[in-house]
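Participant: Residue numbers (the working numbering), protein chains in the order written: chain A, 1 to 216; chain B, 1001 to 1353.
Positions of the beta carbon are idealized from the N, C-alpha and C atoms, including for glycine.
Handing you a structure now.
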Amino acid sequence: MTVLCGHYGSGKTNVAVNMAFDLKKQYDNVAVADLDIVNPYFRTKDSIEDFNERNIRLICSEYANSNLDIPALPQDMYAVTDDKSLKVILDIGGDDRGALALGRLAPKIIEENDYEMLMVINKFRPLTPDADSTVEVMREVEFAGGIRFTGLINNSNLGEETTAQDVLDSLAYANAVAEKSGLPVVMTSVKADLFKELEGRVDNLFPMVLQAKPIV
Amino acid sequence: MADKVLMKGNEAIAEAAIIAGCRHYFGYPITPQTEVAAYMAKKMPKIGGCFLQAESEIAAINMVYGVSSTGKRVMTSSSSPGISLKSEGLSYLAGADLPALIVNVQRGGPGLGGIQPSQSDYFQATRGGGHGDYHMIVLAPASVQEMAELTVKGFELADTYRMTSMILADGTMGQMMEPVSLDFDIKPVPEKPWATTGTKMEREHNIVNSLYLSPEKLEETNFERYEKYKYIEENEAMYEEYMVEDADIVVAAFGIAARVSKNAVNEARARGIKVGLIRPITLWPFPVAPFKKAAEHAKKFISVELSMGQMIEDVKLATDCKVPVTLCNRVGGMIPSPEQVLEAIVEADGGVK
């Protein structure tokens, strides 16, 4: 199981969706579980057609992306820990309030001890521009979720306008977060068109197809 | 690029307000503007400011009234139903000539409606909203960058004219993320000799009030206020023109509708249709001049809105109904597509191309 956390705007959902696509290449039973109880918009459900096409299971509140703006959890959320055949990407919402939902599953996840929990970080977000503020958010999430991070994903980006230089500029930040938290940067995720330019210059580079398209 | 940050429109408003010197925020959460309050809640305590989640929208707007009376920059934000609740307070602010910044990140209505974007509070914003004869300066951003810039502008205009400014955004503007530069030139805040800051026994005490015991005095105050409004109408209208000079067809749109429309205009131009776009940036004062000018050569206007047709009335008034104006719209949280607007342009041009 991979648990992904990150402040809204970190690009966590993009990472989750792309990781699921990647995982599906190796495993039959792949699921994305969306436990976001904070944000009513920009959910994994936006990618439902891509999931269906690839036969990836989506575990998600039926009210996500609807006009019903309530903190709801998916009715089949326990499949995440109960169905042993599933390879799961867990998408945890927003901040410490969002991580409360993770707390319900955390004891079981810890007991089974077969997980990684990754913080998706973005240097270009105003409330987490440095290692101190980022690690502070991580501690809040860990406290609310009752479970500890095992690594970091550097997803520093400025949306569609991100350049290769922006990604290179973010490496020092990611390393500073790694040093302060004592956790490794397990990958650096970039939009697919930057992959070639950065290949060989950044370790563990992960190309992504961006899910949230600009309206115009 | 390195000096840019990736922000939601709502966050851009909050950060720009702080940069503009706002240290007092009062609000009540409602989607799709909640990030304004959430950002203020995180930031204000760290910079010696005041974030207060009031017990209701009505309480929040009256707290704005209180702080504004002391001369400090102050703001509140909400979305459509919450602005309705605040409307009584907006009228009192107008009646007491108090500056403040009000943010409305609109959602679909009427009633509780939905949480998807809308522009259907145009009448409410530009005609006052609350009771009595008054106006607010209404600013309509069309990008996250403008969410920030017009927030700063809104505070400046509010202080200059002693009245409320409203940012009238739609849910898309609040929720979308774009890179933003927050490098602003902040002008000094004007003197506020009317503020209730304590007389120190050196002057007569100031009174902030909207009750007038004499109808003659109330009438005179209204006349004076409308002199001010007239000056603002003549001097503060803001707009963007896009390929209007030779246009046979002119599209009018603000906010997200303007972004959609610009794409459609480009596509129609590629097909040889002479079409342009006027994007009002201030909705009050409405930019009458560019519409009047365009009506001298344009044969048709199209008002593109996320409402049942509200700005269209101002387009007709601005053009003295000289040229036909048609409506191209989606409502209830839906957004017109560039294809839909293109279709309306092609139709106005006389058929299939």
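1. What residues in its chain sit with their C-beta under 7 Å from that of VAL1323(B), if we drop five residues either side in the sequence?
2. Less than 8 Å between CB atoms is the rule here; does PRO1190(B) satisfy it with respect to chain A?
3. Output, in sequence order along the chain, the residues in the segment 60–77 of chain A whose CB is closer than 8 Å to any CB in chain B.
4. Give me the Cα-Cα distance between MET1(A) and LYS87(A), rounded to the nearest whole angstrom.
5. Nearest by alpha-carbon distance to SER1056(B): which of ALA1038(B), GLY1027(B), GLU1202(B) and GLY1049(B) is it?
6. Could you tell me whether any Cβ in chain B is nearer than 8 Å to the Cβ of GLY9(A)?
7. Taking the CB atoms as reference points, tell me whether ASN157(A) and VAL120(A) lie closer together than 8 Å.
8. Find the residues of chain B that neighbour TYR41(A), judging by a C-beta separation of less than 7 Å, and give them in chain order.
9. Counting along the chain, where does the alpha helix (DSSP H) carrying ASP198(A) start and finish?
10. Can you pull the chain A neighbours of MET1007(B), defined as C-beta to C-beta under 7 Å?
11. If contact means a Cβ-Cβ distance below 8 Å, which residues of the segment 137–161 of chain A contact chain B?
12. So GLY1114(B) contacts chain A; which residues on that side make the cut at Cβ distance below 7 Å?
13. Take every Cβ of the segment 1304–1324 of chain B, pair it with every Cβ of the segment 1113–1125 of chain B, and state whether three or more of those distances are shorter than 8 Å.
14. Give a yes or no on whether 8 Å exceeds the smallest Cβ distance from ASN122(A) to chain B.
15. How about PRO1285(B): is its C-beta nearer than 8 Å to some C-beta of chain A?
16. For chain A, find out if any of its Cβ atoms is closer than 8 Å to the Cβ of GLU1011(B); answer yes or no.
17. So ASN29(A) and LYS45(A) are in contact, right, with Cβ under 8 Å, and what is the actual spacing, rounded?
18. Quick check: the segment 1093–1110 of chain B against the segment 1155–1171 of chain B, are at least 3 beta-carbon pairs closer than 8 Å?
19. Does DSSP classify VAL209(A) as helix, strand or coil?
20. Hey, is THR1151(B)'s beta-carbon within less than 8 Å of any beta-carbon in chain A?
21. In this structure, how does DSSP classify ASP69(A) when only helix, strand and coil are distinguished?
22. Name, going along the chain, the residues of the segment 1017–1039 of chain B whose beta-carbon falls closer than 7 Å to a beta-carbon of chain A.
23. Just the Cα atoms here: how many angstroms apart are GLN1340(B) and MET1176(B)?
24. GLN1106(B) by DSSP, collapsed to three states: which one?
25. Do LEU4(A) and VAL15(A) have their beta-carbon atoms positioned less than 8 Å apart in this structure?
Facilitator: On the basis of the data shown:
1. ALA1295, ALA1298, LYS1299, LYS1300 and PHE1301
2. No - not a single Cβ of chain A is within 8 Å of the one on PRO1190(B).
3. ASN67 and ASP69
4. 6 Å
5. If you compare the alpha carbons of ALA1038(B), GLY1027(B), GLU1202(B) and GLY1049(B) with that of SER1056(B), the shortest gap goes to GLY1027(B).
6. yes
7. no
8. GLN1175
9. Note that residue 198(A) is Leu in the sequence shown here, rather than Asp. Taken as a continuous stretch (DSSP letters only), the alpha helix (DSSP H) holding LEU198(A) covers 195–198.
10. Simply PRO126.
11. ASN157, LEU158, GLY159 and GLU161
12. ASN67
13. yes
14. With 8 Å as the cut-off, ASN122(A) counts as an interface residue toward chain B.
15. no
16. yes
17. No, ASN29(A) and LYS45(A) are not in contact; Cβ-Cβ is about 20 Å, not under 8 Å.
18. Yes, they touch.
19. coil
20. Between THR1151(B) and chain A, the shortest Cβ-Cβ separation is not below 8 Å.
21. coil
22. Residues of the segment 1017–1039 of chain B with a C-beta atom less than 7 Å from some C-beta of chain A are THR1031, listed in chain order.
23. Straight across, the Cα-Cα distance linking GLN1340(B) with MET1176(B) is about 22 Å.
24. strand
25. yes
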